[in-house]
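Colleague:
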Amino acid sequence: GEEEIGELAGQIIAALPAEAYPHFTELTTHHVLQPGYGFGKSFDVGLDLILDGIEEAAAREG
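Residues 119 to 180 (the numbering used here) are what the sequence shown spells out, left to right.
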């Protein structure tokens with residue numbers, strides 16, 4: 119569940135120095151570790167953007 123994800127994220131953050139990976143650290147601490155975060159929500163939005171882009175490119179090529 120969420121608790122296990124939080125523990126795993128904490129271990130990953132501890133293994134990766136924040137100064138070497140500042141954007142990853144920010145994403146994890148400000149989004150992933152927040153209550154209510156769900157990977158599925160972000161995944162669906164990203165997938166929709168990719169599929170829309172592919173559809174638009176295919177339409178342009180005719």
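C-beta atoms are modelled at their ideal positions from N, C-alpha and C, and glycine is treated no differently. The model shown is predicted, which means the values in this text are computed figures rather than measured ones.
1) Might you give, ordered along the chain, the residues of its own chain that have their beta carbon closer than 8 Å to the beta carbon of Thr-147, omitting 5 neighbours on each side?
2) Would you call the CB atoms of Leu-151 and Gly-124 closer than 8 Å?
3) What is the residue span of the alpha helix (DSSP H) that Ala-140 lies within?
4) To the nearest angstrom, how far is it from the Cα of Glu-182 to the Cα of Gly-154?
Modeller: Judging by the given coordinates:
1) Along the sequence shown, one-based indexing puts residue 147 at 29. Around Thr-147: Ile-131.
2) As a working mapping, residue 151 is identified with position 33 in the sequence shown. As a working mapping, residue 124 is identified with position 6 in the sequence shown. Against a cut-off of 8 Å, the Cβ pair of Gly-124 and Leu-151 comes out as a contact.
3) The residue given as residue 140 occupies position 22 in the sequence shown. In the sequence on display, residue 140 carries Pro and not Ala. Run containing Pro-140: 140-145, per the alpha helix (DSSP H) assignment.
4) Because the chain spans 119 through 180 in this model, residue 182 falls outside it and cannot be assessed.
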